[in-house]
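Asker: The structure is given below, and queries will be raised subsequently.
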Amino acid sequence: MEFPLDPLTVECQQCHAIAETYDYQHPDQAVTCRCCPVQHDHAGIGCRPVTITATARLMLFDIQELMEMAAARDQALFISEEVTT
Amino acid sequence: MAMFDQTDATLVLKAELNGVNYTAPTTLKTKLGTSAPTATANMTELTGTGYTTGGTTMTFSTASAAATSNSSTATWTNGSGSTWSIVGLEIWDTVGPNRHLWGTWTGQPISIANTNSFQVAAAGIAISLVLWVKVLY
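Line by line, the protein sequences give chains A and B.
Going by the working numbering, the first residue of the first sequence is number 2, and it counts up by one from there.
Going by the working numbering, the first residue of the second sequence is number 138, and it counts up by one from there.
This is the structure in structure tokens:
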């Protein structure tokens, strides 16, 4: 179990076309609009830039780390039970 | 684990358990980083045209049920000439300045090509002290 990733929201600053993407390395390629008819990075000559909106979750505990801790604890308990039996 | 600067966490505990008042910050700035922070080590702060060292002032909603989020928005436009790779964020006060909270962006690293903008919408930074132990045990 782990948190589902939130998508990035990408909006062309010229025509305001919006897309969502999970490609965090190339988010600008998510928007193909009339400003930029070919899929690209919205950063080339003549291309209109995009605004990429991101999210963050600040929590006291990271759920994935907790899962790993629980798994490690269960493994330790299992080994302990094997030794004692 | 994500969230509290260790020094800040100590101050919170002192306020709750040792009668030492916590000095509440009045102005908070959010920094962007190119590496992941930890409880004891700051991230490497982003540099380049479009980003002001020290971060951007942001406001946060009144906490409720052990959670809150940002109420203001922030936008940085990359004019550095190269792609930004954004990994971490830190929330600092302007007095010390002291670091308070830290974390990483969902899906990081996030690439922001030159001329493009990186934005945080209202409620884009979710902050919670809710524990998830019940899920596990």
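Positions of the beta carbon are idealized from the N, C-alpha and C atoms, including for glycine.
Going by other Cβ atoms of all chains shown within 10 Å of its Cβ, with 16 needed for buried, is ALA72 (chain A) buried or exposed?
Answerer: Taking the first sequence and counting its residues from 1, the one referred to as residue 72 (chain A) is at position 71. ALA72 (chain A) should be labelled exposed.
Asker: Taking GLY225 (chain B) and PRO174 (chain B) to be in contact with their CB atoms under 8 Å, please state how far apart those CB atoms are, rounded to whole angstroms.
Answerer: For the purposes of this step, residue 225 (chain B) is taken as residue 88 along the second sequence, with counting starting at 1. For the purposes of this step, residue 174 (chain B) is taken as residue 37 along the second sequence, with counting starting at 1. The Cβ separation is near 5 Å, so the contact holds.
Asker: For the alpha helix (DSSP H) containing VAL149 (chain B), list its first residue and its last residue.
Answerer: Sequence index remark: in the second sequence, residue 149 (chain B) carries index 12 (1-based). Here the alpha helix (DSSP H) through VAL149 (chain B) covers 143-154.
Asker: How should THR6 (chain A) be labelled, buried or exposed, when 16 other C-beta atoms within 10 angstroms of its C-beta is the threshold for buried?
Answerer: Your numbering for residue 6 (chain A) matches position 5 in the first sequence. Note that residue 6 (chain A) is Leu in the sequence shown here, rather than Thr. Under this definition LEU6 (chain A) is an exposed residue.
Asker: Would you mind sorting GLU153 (chain B) into buried or exposed? The rule is 16 or more other CB atoms within 10 Å of its CB.
Answerer: The sequence position of residue 153 (chain B) within the second sequence is 16, counting from 1. With fewer than 16 other Cβ atoms within 10 Å, it is exposed.
Asker: At the level of alpha carbons, what is the spacing between GLN14 (chain A) and ALA55 (chain A)?
Answerer: Counting from 1 along the first sequence, the entry for residue 14 (chain A) is found at position 13. Counting from 1 along the first sequence, the entry for residue 55 (chain A) is found at position 54. Cα to Cα, GLN14 (chain A) sits roughly 16 Å from ALA55 (chain A).
Asker: Between the region 201-217 of chain B and chain A, which residues of the former have CB atoms less than 8 Å from a CB of the latter, in chain order?
Answerer: Correct list: THR212 and THR214.
Asker: For LEU226 (chain B) and chain A, any beta-carbon pair shorter than 8 Å?
Answerer: Along the second sequence, read from residue 1 onward, the residue named residue 226 (chain B) stands at position 89. Yes, contact with chain A.
Asker: Taking the alpha-carbon positions, what's the VAL157 (chain B) to ASP145 (chain B) distance?
Answerer: Mapped onto the second sequence, residue 157 (chain B) falls at position 20. Mapped onto the second sequence, residue 145 (chain B) falls at position 8. Spanning the two alpha carbons is a distance of roughly 13 Å.
Asker: Just verifying my parser: in three-state terms, what is the DSSP assignment at ALA73 (chain A)?
Answerer: Here the question's residue 73 (chain A) lines up with position 72 in the first sequence. ALA73 (chain A) falls in the helix class under three-state DSSP.
Asker: Could you list the residues in the region 238-261 of chain B with a C-beta less than 9 Å from some C-beta on chain A, going in chain order?
Answerer: Listed in sequence order: LEU238, TRP239, GLY240, THR241, TRP242, THR243, GLY244, GLN245, PRO246, ILE247, SER248, ILE249, ALA250, ASN251, THR252, ASN253, SER254, PHE255, GLN256, VAL257, ALA258, ALA260 and GLY261.
Asker: Measure from the alpha carbon of ASN179 (chain B) to the alpha carbon of each residue in B:ALA259, B:TRP221, B:GLN143 and B:THR231, then state which is nearest.
Answerer: Counting from one through the second sequence, the residue named residue 179 (chain B) turns up at place 42. Closest by alpha carbon: B:GLN143.
Asker: LEU165 (chain B) CB to nearest chain A CB: under 8 Å?
Answerer: Residue mapping note: residue 165 (chain B) aligns to position 28 of the second sequence, counting from 1. For LEU165 (chain B), the answer is no, since every Cβ of chain A falls outside 8 Å of its Cβ.
Asker: Against LEU78 (chain A), what residues of chain D qualify as contacts under a CB-to-CB distance less than 8 Å, listed in chain order?
Answerer: Here the protein chains are A and B, and chain D is not one of them.
Asker: By the three-class DSSP mapping on this structure, what secondary structure does VAL32 (chain A) have?
Answerer: What you label residue 32 (chain A) is simply residue 31 of the first sequence in a count that begins at 1. In the structure shown, VAL32 (chain A) sits in coil (DSSP, three-state: anything other than H, G, I, E or B).
Asker: Would THR210 (chain B) and ALA259 (chain B) be called neighbours here (beta carbons separated by less than 8 Å)?
Answerer: Position 73 of the second sequence, counted from the start, is the residue given in the question as residue 210 (chain B). Position 122 of the second sequence, counted from the start, is the residue given in the question as residue 259 (chain B). Yes, they are a contact pair.
Asker: Between LEU148 (chain B) and the rest of its own chain, which residues show a CB-CB distance below 7 Å, the 5 nearest in sequence each way excluded?
Answerer: Here the question's residue 148 (chain B) lines up with position 11 in the second sequence. Closer than 7 Å at Cβ, skipping near neighbours: TYR159.
Asker: Out of B:PRO234, B:THR205 and B:GLY185, state which residue places its alpha-carbon closest to the alpha-carbon of PRO221 (chain B).
Answerer: Start at 1 with the first residue of the second sequence, and residue 221 (chain B) comes out as number 84. Correcting the residue identity first, residue 221 (chain B) is Trp in this sequence and not Pro. It is B:GLY185.
Asker: For VAL267 (chain B), which residues of its own chain have a beta-carbon under 8 Å away from its beta-carbon, when the five flanking residues on both sides are left out?
Answerer: The sequence position of residue 267 (chain B) within the second sequence is 130, counting from 1. Cβ within range, chain order: ALA202, ALA203 and ALA204.
Asker: Decide if the region 239-250 of chain B is in contact with the region 14-25 of chain A; the criterion is three or more beta carbon pairs, one per stretch, under 8 Å apart.
Answerer: In short, these stretches touch, since the Cβ pair count reaches three.
Asker: Is DSSP giving ILE223 (chain B) helix, strand or coil here?
Answerer: The residue you call residue 223 (chain B) lines up with position 86 of the second sequence. Here ILE223 (chain B) sits in strand by DSSP.
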